[in-house]
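Taking it in order: structure first as structure tokens, then the write-up.
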Amino acid sequence: MKIGGIIDISTKDIPGKACMVIFTVGCNFGCQFCHNKHLLRDDAGRKYSIKHLMSLAKNNYLVNAVSISGGEPALQPDLPDLCHKLSEQNKFVSIDTNGSHPDVIERVLPSIKRVALDLKTSLSIKRYEQITNTSVNIDNILKTFHLLNDATHIQFEVRTTYIDNLLVEDDIKEIITFLKENLFTGNFVLQQYQYSEGVGEEFREKFQKPEHNTLLNFLKPYLNDDFSFDIYLRDEVVGYSEIHDVFQQIL
133 MKIGGIIDIS TKDIPGKACM VIFTVGCNFG CQFCHNKHLL RDDAGRKYSI KHLMSLAKNN
193 YLVNAVSISG GEPALQPDLP DLCHKLSEQN KFVSIDTNGS HPDVIERVLP SIKRVALDLK
253 TSLSIKRYEQ ITNTSVNIDN ILKTFHLLND ATHIQFEVRT TYIDNLLVED DIKEIITFLK
313 ENLFTGNFVL QQYQYSEGVG EEFREKFQKP EHNTLLNFLK PYLNDDFSFD IYLRDEVVGY
373 SEIHDVFQQI L
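Residues 133 to 383 (my numbering) are what the sequence shown spells out, left to right.
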């Protein structure tokens, strides 16, 4: 399995849990704002055997959860085997995915407890290809969404990173409308984009961090709606908070 990095202990990747994080190499999207572009190079990372990864997880006594991120983990042929073996160790397994490989997600479902589906923008081919710089099969992303939304045994998070100069408020409105119409039962997380060195100096000015109040204004209209899902904000001001808690602090 091609691995670009491992974090022994993280408290940010799975809400409420300390976990080990495994970063896989490679992605089929070309998002210019990606924080992990170093994982996309042909020479990135190195091969780990499943046996080696299992040993690292087993001997990490401080955590009982493993988050598999990337890159796009579903590109790794060994992903189902790794998830199965981690599950046999009674590990809480979480996967981050762009949703483009529903067949792989279906194979790992019995072995995992959580999935974070990264919706880049509203679910139209034109917008998706603008944002990802890639030819995208929207039907595959929809299949992944419905597969996960129907799986009652997992924690399901849909998240969107808002980037000034790239996304617009209508993108967020359309995503929330889609979730409502499809009876989403997980958590939707609106994330604040923040520049990091992984994005690249040439993109520092192109992609801007949205203001905290801008994100609040996007979410305020949904405070009194009776949704089947919860809405969270993740930014530098509130951390990771459900929107009713955020607005209670303000009011």
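Just so you know, even glycine gets a beta-carbon here, dropped at the ideal spot from N, CA and C.
Nearest neighbour of residue i, chosen from the options [CA to CA]
i           : options            : result
residue 346 : 311, 294, 335      : 294
residue 363 : 321, 338, 327      : 321
residue 167 : 203, 179, 281      : 203
residue 137 : 351, 185, 263      : 185
residue 174 : 134, 379, 228, 336 : 134
residue 222 : 242, 237, 344      : 242
residue 171 : 179, 183, 165, 155 : 155
residue 246 : 319, 157, 266      : 319
residue 214 : 190, 147, 234, 290 : 190
residue 358 : 371, 376, 349, 372 : 376
residue 145 : 228, 313, 188      : 228
residue 237 : 281, 256, 258      : 281
residue 371 : 344, 299, 356, 354 : 344
residue 342 : 192, 326, 285, 333 : 326
residue 211 : 304, 239, 300      : 239
residue 139 : 305, 192, 178, 179 : 192
residue 279 : 303, 260, 234      : 234
residue 354 : 374, 336, 335, 338 : 374
Whether residue i touches residue j by CB criterion (9 Å)
i           : j           : result
residue 151 : residue 197 : yes
residue 368 : residue 340 : no
residue 316 : residue 352 : no
residue 181 : residue 206 : no
residue 254 : residue 288 : no
residue 142 : residue 199 : yes
residue 272 : residue 250 : no
residue 292 : residue 307 : yes
residue 276 : residue 161 : no
residue 208 : residue 148 : no
residue 384 : residue 244 : Nothing about residue 384 can be read from this structure; the chain reaches only from 133 to 383.
residue 248 : residue 290 : yes
residue 104 : residue 165 : The requested residue 104 does not occur in the structure, where the chain is confined to residues 133 to 383.
residue 153 : residue 187 : no
residue 301 : residue 350 : yes
residue 304 : residue 348 : no
Three-state class that DSSP yields for residue i in the structure shown
i           : result
residue 259 : helix
residue 178 : strand
residue 283 : coil
residue 140 : strand
residue 319 : strand
residue 193 : coil
residue 134 : strand
residue 145 : strand
residue 252 : coil
residue 380 : helix
residue 269 : coil
residue 299 : coil
residue 204 : coil
residue 165 : coil
residue 209 : coil
Bridge partner(s) assigned by DSSP for residue i
i           : result
residue 292 : 322
residue 152 : 198
Any non-hydrogen atom of the ligand GDP closer than 8 Å to residue i Cβ
i           : result
residue 203 : For the structure depicted, the ligand GDP is absent and the ligand set is empty, with no information on it obtainable.
- Item | Uninterrupted alpha helix (DSSP H) stretches inside the region 216-250 (no shorter than 4 residues) | 234-240
- Mind pulling the alpha helix (DSSP H) runs of 4 or more residues that sit fully within the region 321-374? 344-351
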